[in-house]
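Only one structure is covered here, and it is reproduced in the block below.
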Amino acid sequence: MTPLSDSSTTLVRSPRVRVAAALRRAWRQGYTAADLKADLGAGMVVGVVALPLSMALAIASGVAPQHGLYTAIVAGALIALLGGSKVQVAGPTAAFVVILTPIATRFGLGGLLLATMMAGLILMAMGIYRLGRFIEFVPYPVTTGFTAGIALVIGTLQLKDFLGLEVANLPPDYLARLAVLVRALPTAHLADLSIGAFTVAVLLVWPRLSKRIPAPLVALLLAGLAAHFAARWWPAFSVVTIDDRFSYNLGGVVLPGIPRLPPTPLLPWNLPGADGGPLVISFELIRALLPSAFTIAILGAIESLLSAVVADGMTGKKHDLDSELLAQGIGNFVAPFFGGFAATGAIARTATNVRAGARTPFASVFHALFVLVAVLAFAPLMGRLPMAALAALLLHVAVRMAEGKHILHILKVAPRSDIVVLVTCFSLTVLFDMVVAVTVGIVLASILFMERMASVSRVSLVSSEELNLDRPL
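Numbering (the working numbering), first residue to last: 8 to 480.
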């Protein structure tokens with residue numbers, strides 16, 4: 008007879024999390040030349056989509072555009088190789104903008120990368136201890152409220168560059184920020200507004216004409232050309248570009264735009280903090296960054312789960328969530344050592360990857376390599392992109408992200424408790440910040456789960472008649 012201790016140990020022991028679960032499955036099934044061709048083509052298509060989005064999301068998060076590109080290169084390749092989904096694409100996403108912008112404002116680039124490292128450690132722990140299944144218990148109204156609130160904040164942040172407003176600094180509070188933007192409306196520049204409107208028009212019209220070339224690439228390319236030729240034909244026409252807004256230091260020389268360099272190893276804590284000097288690591292700093300790091304980890308886990316589920320639905324395959332969380336953690340921990348910030352599964356890029364014919368994780372690796380080649384070859388040209396065009400791209404993303412019609416449908420047909428949760432999470436995300444919203448959302452999710460479990464296990468007396476029993480019931 009097996010001793011009880013051995014038996015109980017066998018019963019409670021959970022399977023070990025497998026690193027690179029998706030890559031192992033793909034390799035066991037055999038990797039052919041046809042697979043390589045399909046993955047290479049899909050990687051190029053996704054790389055074209057990721058290139059402008061990575062720059063735009065970095066700028067929206069309060070850092071230089073090259074850091075978004077480095078995130079797509081380093082985290083995108085690592086998470087693909089080590090993750091649990093065959094076709095998921097990871098990189099910077101719009102969901103993180105609301106969290107990262109306050110961190111970059113308060114703690115600088117160094118603080119942002121340090122918070123990303125801390126979030127990576129939390130995600131690794133979630134994967135190692137197989138906590139991925141608990142993410143599935145987050146109710147739909149909670150995630151919908153987060154998403155809609157994030158979309159509204161992102162859209163508001165883009166108005167400054169889209170309209171060309173003359174605003175020195177935007178306050179962190181949403182209502183105060185909105186008031187500043189409204190007061191600055193008389194300073195709007197017609198040139199920036201026209202380029203922004205032109206970009207939105209191309210983003211809306213191009214998918215109806217062709218789906219082979221991604222609309223973001225076409226829109227930004229045409230917007231850049233339009234701004235260039237308009238300035239030549241009309242000297243008074245002037246728009247703000249990446250070169251005008253950002254610069255980098257190379258060998259003691261300050262140059263405009265995006266460096267024509269690959270991501271190079273660095274120590275995140277040596278990067279500037281909020282005061283412009285090197286970040287000083289202390290217990291107080293770690294404690295101040297911990298709530299934000301926890302929020303990045305939770306939101307990253309939710310986003311990666313949603314993205315992997317979308318990929319499963321499109322491919323008929325099944326992902327390994329715990330392996331994916333572990334890979335997300337490793338990617339977020341390593342990326343800051345190369346100038347990257349928070350990354351997670353990107354739903355739109357993952358869907359594009361599947362539609363483009365991706366078969367294995369190598370497609371996402373090729374997407375990262377495509378972004379790297381683009382940085383090395385076209386960095387000077389990318390620096391000439393108008394800021395209004397990038398803002399228009401993110402406005403388009405925010406509108407699609409909000410899913411207004413879907414939310415209106417929920418408000419009409421959903422139970423009152425779900426509506427309260429959705430509105431609460433939406434309001435907290437907009438009026439406060441994601442740290443508060445995620446904390447309250449998790450508490451609400453727990454309470455809703457307990458209420459639903461109680462409702463299916465409740466015992467009630469079905470008759471009030473006196474039973475005349477010999478003993479107490």
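Quick reminder that beta carbons are idealized off the backbone N, C-alpha and C, glycines included.
The structure displayed is predicted, hence computed values, not measured ones.
Nearest to residue 362 by C-alpha distance, out of 61, 40, 90, 95, is 95. Taking all protein chains in view, the Cβ of residue 356 is crowded by 16 or more other Cβ atoms within 10 Å, so the residue is classified as buried. Taking a 10 Å sphere around the C-beta of residue 293, we find fewer than 16 other C-beta atoms and assign the residue as exposed. Cβ contact annotation for residue 378 (same chain, cutoff 8 Å, sequence separation greater than five): 54, 57, 58, 61, 76, 79, 80, 83, in chain order. At a Cβ-Cβ threshold of 7 Å, residue 87 and residue 372 count as neighbours.
For residue 330, the uninterrupted alpha helix (DSSP H) segment begins and ends at 328-341.
Taking 7 Å as the cut-off, the Cβ atoms of residue 347 and residue 130 do not count as close. Three or more Cβ pairs closer than 8 Å define a contact, and the stretch 422-433 meets that threshold against the stretch 148-159. In terms of Cβ geometry, residue 338 and residue 310 do not form a close pair [threshold 7 Å].
Looking at the DSSP output, residue 98 bridges to 351. Residue range 197-216 is occupied by the alpha helix (DSSP H) that includes residue 209. The Cβ atoms of residue 327 and residue 91 sit closer than 7 Å to each other. For residue 314, the three-state secondary structure derived from DSSP is helix.
Residue 102 and residue 296 do not touch by the CB rule: their CB atoms are close to 19 Å apart, not below 8 Å. Inter-residue distance for residue 300 and residue 126 is about 5 Å (C-alpha atoms, whole angstroms). Using a Cβ distance threshold of 7 Å, residue 165 and residue 312 do not count as a contacting pair. Counted as a single uninterrupted DSSP element, the alpha helix (DSSP H) harbouring residue 376 occupies residues 369-389. Taking 7 Å as the cut-off, the beta carbon of residue 449 is found no closer than this to the beta carbon of residue 155. Counting along the chain, residue 170 sits inside no beta strand (DSSP E); it lies in the alpha helix (DSSP H) bounded by residues 147-170.
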